[in-house]
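Colleague:
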Amino acid sequence: MSSDKPILSVRNLTKTYDNGVQALKGISFDVYPGEFLVIIGLSGSGKSTLLRCLNRLHDPTSGEIIFDGTHVEKVEGQKVLNLRKNIGMIFQHFNLIPRHSVLSNVMMGRLGSLGTLKSLLSLFSAEDKEKAMSYLKLVGIEAKAQIRADQLSGGQQQRVAIARALTQNPKVLLADEPVASLDPATCHVVMDYLKKVNTELGITMICNLHFLSLVRQYATRVIALKGGEIVYQGSPEDITEAWFEKIYGEGAKEVHVN
Amino acid sequence: MSTKAAKLNPKRVGFDAIFFAISLLIFFFVMTSVVAQFSETFAFISKDWAALNMSSLFLGFGALVFLCAGLCLLFNSQGVATLGEYLFSNSSRKQEIAHQPFLKSFYGLHLLITFAGTFYLSAIATGASFYELTDPDGFAGAMNLFKGLINANFDLLPLAIIEVIETIFIAFLATVIAIPIAFVLSFLCAKNIMVHPVAFTFYATMRTLLNITRSVEPLIWAIIFSVWVGIGPFAGMLALLIHSIASLAKQYSEIVEGVSDGPIEGIRSTGANAVQTVWFAVVPQVVLPYIAFTIYRWDINVRMATIIGLVGGGGIGTLLIKYQGQGMWPEVGCIIIVIAAVVWLMDTSSAYIREALK
């Protein structure tokens with residue numbers, strides 16, 4: 003699979019925030035189509051910043067990001083929106099619109115393809131609605147389509163968020179700590195759906211995690227960040243005790259999520 | 164104790180100097196007014212200072228402030244804590260200062276004496292007098308008026324009701340027209356929406372304009388508009404409209420500034436543009452608080468419309484001033500009862516609706 007051309011290449015990416023914090027210090031890696039790439043690291047290691055640079059929710063300070071042949075760091079205006087359309091994203095806190103129904107939340111994934119006036123009047127096409135329903139079915143939550151999003155449990159909300167990202171028709175899906183605010187049981191349900199999206203729909207996955215046991219179970223490749231730099235890159239099976247201590251600091255113990 | 168102040172905090176010195184200058188002035192006026200009780204010459208002096216011209220007043224006060232700044236720094240260097248030092252210093256010094264009992268500390272006594280002096284001067288300025296409050300003639304007159312109010316003349320009831328409905332309509336129209344204007348302005352006046360430097364300049368200008376508009380009383384607006392469009396309900400409505408736009412825009416924009424960022428990020432990540440992001444991520448979060456504030460604004464506007472009526476803004480206020488001017492107390496009593504009933508009704512129902520919206 004990974005013999006193809008990379009779908010995303012990152013070269014010497016740095017990000018320094020206005021307050022002087024250097025979140026990323028020269029990151030380089032490639033992502034190949036169909037991969038389930040997991041980025042691990044402590045909080046503050048730059049994982050979230052990295053993902054947000056990839057779809058320009060944050061602007062990188064220097065370096066190159068090449069996605070599907072375009073220089074992500076150089077695009078402006080409408081092209082940024084088109085880029086985001088092609089890169090779905092889910093978040094630790096789901097980031098749904100609480101007062102809208104589940105279906106309406108999922109259809110918001112179509113906003114990037116809908117004219118401003120049409121979207122303000124909520125004139126989504128029947129096709130969009132059908133698509134939204136089919137993705138709700140994929141994440142097993144179609145029965146709740148008419149319920150308000152804030153009445154769902156955390157795990158259910160994250161599945162709605164996955165469906166919303168899928169309606170964008172993305173080539174890559176970014177997941178920023180998708181299970182960090184869920185209990186261990188729900189955690190696996192959500193991760194299983196992400197795996198399903200990865201294998202069945204062939205959508206490339208870039209996922210931030212901090213549980214190593216989840217990494218071994220789901221990732222096809224791992225990148226470890228520490229202090230804004232890559233300290234490990236390779237197969238999840240090769241992460242030994244020594245690597246673990248290097249990533250998470252001396253005396254860290256691995257916690258298993260079952 | 165005489166720890167040398169590491170850095171000169173301009174806020175602290177400024178606060179201390181001005182507060183010191185004001186307290187010294189208060190002390191001076193208290194002294195002259197006390198002495199004036201016994202001596203005619205001092206009474207003359209304490210009245211005469213108002214006749215001084217502006218520039219010498221400003222110069223005098225400025226010199227006093229400078230003097231006080233030096234005085235405060237001298238105090239601080241001797242380890243005596245001033246109020247400004249207590250308020251603006253870092254937490255370790257703050258704790259050191261707070262350790263001494265309030266009444267035994269210099270800033271505590273300073274605050275207390277200034278407060279007492281201000282209270283005394285306020286009583287003098289108000290002309291508060293027990294003698295006048297207990298004057299039997301005055302009391303009898305007030306009782307007479309009060310009797311008239313209690314024996315309200317309900318023949319006036321139909322007219323009062325028609326006029327109070329006009330007042331409610333004035334308030335309603337002003338509120339309704341203000342809503343869409345304030346709605347649009349609220350996003351343009353929210354710091355978290357207007358992040359782009361150009362947008363931020365616009366934000367700052369709009370905020371200042373709204374603040375100025377809001378600080379001009381509706382009563383003044385009513386007078387301005389009654390010259391513009393003629394005396395009557397329309398002028399009153401315009402006055403309330405201007406005030407409502409400024410108030411609602413401020414309250415709305417504060418709600419916008421308080422929305423959570425999560426949904427905004429979520430919508431932006433789908434490739435939505437700025438307008439779509441505001442509409443889908445911000446608006447759903449603000450709608451209910453907006454409605455609550457709007458109902459409350461209507462409630463306020465009904466009360467304000469009554470007051471504006473007093474200067475010819477139409478409605479029940481105009482009716483009230485008409486009968487009051489002729490000393491027809493039973494009729495005034497009837498109008499007051501109608502106003503009280505409407506205010507109470509609006510107040511209760513708006514509180515009830517706002518509670519239900521939570």
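Those protein sequences? They're chains C and A, same order as listed. Using the working numbering, the letters of the first sequence map in sequence onto residues 3 to 260. Using the working numbering, the letters of the second sequence map in sequence onto residues 164 to 521. For every residue, glycine included, the Cβ atom is placed at its ideal position computed from N, Cα and C.
At least one CB of chain A closer than 8 Å to the CB of Gly230/C: is that the case?
Modeller: Cβ-Cβ to chain A under 8 Å: no for Gly230/C.
Colleague: Does the beta carbon of Thr188/C sit closer than 8 Å to a beta carbon anywhere in chain A?
Modeller: It does not; no Cβ of chain A falls within 8 Å.
Colleague: From Gly421/A, Ile328/A, Gln241/A, pick the residue whose C-alpha is nearest to that of Val506/A; which is it?
Modeller: Here the closest residue by C-alpha is Ile328/A.
Colleague: Put Asn14/C into one of helix, strand or coil per three-state DSSP.
Modeller: Of the three classes helix, strand and coil, the one that applies to Asn14/C here is strand, per DSSP.
Colleague: Mind checking the stretch 103-115 of chain C against chain A and listing, in chain order, the residues whose C-beta falls within less than 7 Å of any C-beta there?
Modeller: If the cut-off is 7 Å between Cβ atoms, the stretch 103-115 of chain C has Met110, Gly111, Leu113, Gly114 near chain A.
Colleague: Measure the C-alpha to C-alpha separation of Gly204/C and Val108/C and round it to an integer number of angstroms.
Modeller: Roughly 20 Å between the two C-alpha positions.
Colleague: Which runs of the alpha helix (DSSP H), 4 residues or longer, sit entirely within the stretch 154-220 of chain C?
Modeller: DSSP runs (the alpha helix (DSSP H)) wholly in the stretch 154-220 of chain C: 156-169, 186-202, 214-220.
Colleague: List the whole-angstrom C-beta distance separating Ala187/C from Leu39/C, where the pair is believed to meet the contact cut-off of C-beta under 8 Å.
Modeller: Contact doesn't hold; Cβ gap of about 25 Å is too wide.
Colleague: Identify whether Ser423/A lies in helix, strand or coil by the three-state DSSP scheme.
Modeller: Ser423/A: coil per DSSP, three-state reduction.
Colleague: Between which two residues does the alpha helix (DSSP H) holding Ala305/A run?
Modeller: That run of the alpha helix (DSSP H) goes 299-313.
Colleague: Starting from the Cα of Asn314/A, find the closest Cα among Leu508/A, Tyr515/A, Phe178/A, Ile499/A and give me that residue.
Modeller: It is Ile499/A.
Colleague: Where Leu227/A and Thr511/A are concerned, what is the direct C-alpha to C-alpha distance, given to the nearest angstrom?
Modeller: If you take the alpha carbons of Leu227/A and Thr511/A, they lie about 52 Å apart.
Colleague: Give the DSSP-derived three-state secondary structure of Arg150/C in the structure shown.
Modeller: Residue state, collapsed to three classes: strand.
Colleague: Just how far apart, CA to CA, sit Thr277/A and Leu246/A?
Modeller: Each residue's alpha carbon lies about 12 Å from the other.
Colleague: In chain C, which residues lie with their C-beta within 7 Å of the C-beta of Gly429/A?
Modeller: In chain order: Phe93, Asn97, Leu98.
Colleague: Hey, Thr330/A and Gly478/A are a contact pair by Cβ (cut 8 Å); roughly how many whole angstroms apart?
Modeller: At roughly 3 Å, the Cβ-Cβ gap stays under 8 Å, so Thr330/A and Gly478/A are in contact.
Colleague: Which residues mark the beginning and the end of the alpha helix (DSSP H) in which Gly225/A is found?
Modeller: Unbroken alpha helix (DSSP H) run through Gly225/A: 217-240.
Colleague: Do Tyr137/C and Leu105/C have their beta-carbon atoms positioned less than 8 Å apart in this structure?
Modeller: No, these two residues do not count as a Cβ contact at 8 Å.
Colleague: Determine the burial state of Asn14/C: buried for a count of at least 16 other Cβ atoms within 10 Å of its Cβ, exposed for fewer.
Modeller: When all chains shown are included, Asn14/C counts as exposed.
Colleague: Verify the contact flag: Glu417/A, CB atom, against every heavy atom of the ligand MN, threshold strictly below 7 Å.
Modeller: Inclusion of the ligand MN in the displayed structure is not the case, the ligand content being empty and no account of it being possible.
Colleague: Who pairs with Asp291/C in a beta bridge, going by DSSP?
Modeller: What the structure shows of chain C is the stretch from 3 to 260, and residue 291/C is not part of that stretch, so it cannot be assessed.
Colleague: Which residue marks the beginning of the alpha helix (DSSP H) containing Val392/A, and which one marks its end?
Modeller: Neither: Val392/A is in no alpha helix (DSSP H) and is coded neither H nor E.
Colleague: Count the other CB atoms, across all protein chains shown, that sit within 10 Å of the CB of Gly90/C; report buried if there are 16 or more and exposed otherwise.
Modeller: Looking at its Cβ environment, which holds 16 or more other Cβ atoms inside 10 Å, Gly90/C is buried.
Colleague: Alpha carbon to alpha carbon, what distance is there between Glu326/A and Gln487/A?
Modeller: Near 16 Å, if we compare the C-alpha coordinates of Glu326/A and Gln487/A.
Colleague: Could you check whether the Cβ of Ser165/A sits closer than 8 Å to any Cβ belonging to chain C?
Modeller: Low confidence applies to Ser165/A: its pLDDT is 38, below 50, so where it sits in the model is not reliable, and the reading given next is rough at best. So no, Ser165/A is outside the interface.
Colleague: Kindly indicate which residue of Leu125/C, Lys87/C, Pro100/C has the alpha-carbon position closest to the one of Gln148/C.
Modeller: The shortest Cα separation from Gln148/C among Leu125/C, Lys87/C, Pro100/C belongs to Pro100/C.
Colleague: Pull up the CB-CB distance for Leu227/C and Ser47/C, whole angstroms please, since I reckon it's below 8 Å.
Modeller: About 4 Å; that satisfies the 8 Å criterion.
Colleague: If the cut-off is 7 Å on Cβ atoms, which residues from the stretch 434-455 of chain A count as contacting chain C, listed in chain order?
Modeller: Here the close residues are Gly434, Ala435, Asn436, Val438, Gln439, Trp442, Phe443, Ala444, Pro447.
Colleague: Specify, as a first and last residue, the run of the beta strand (DSSP E) that Ser30/C falls within.
Modeller: Segment 24-33, the beta strand (DSSP E) holding Ser30/C.
Colleague: List the residues of chain C that Gly425/A touches, going by C-beta distances under 8 Å, in chain order.
Modeller: Near Gly425/A (Cβ distances below 8 Å), the residues of chain C are Phe93, His95, Phe96, Asn97.
Colleague: What's the gap between the Cα of Asp240/C and the Cα of Ser115/C?
Modeller: Their backbone Cα atoms lie some 42 Å apart in a straight line.
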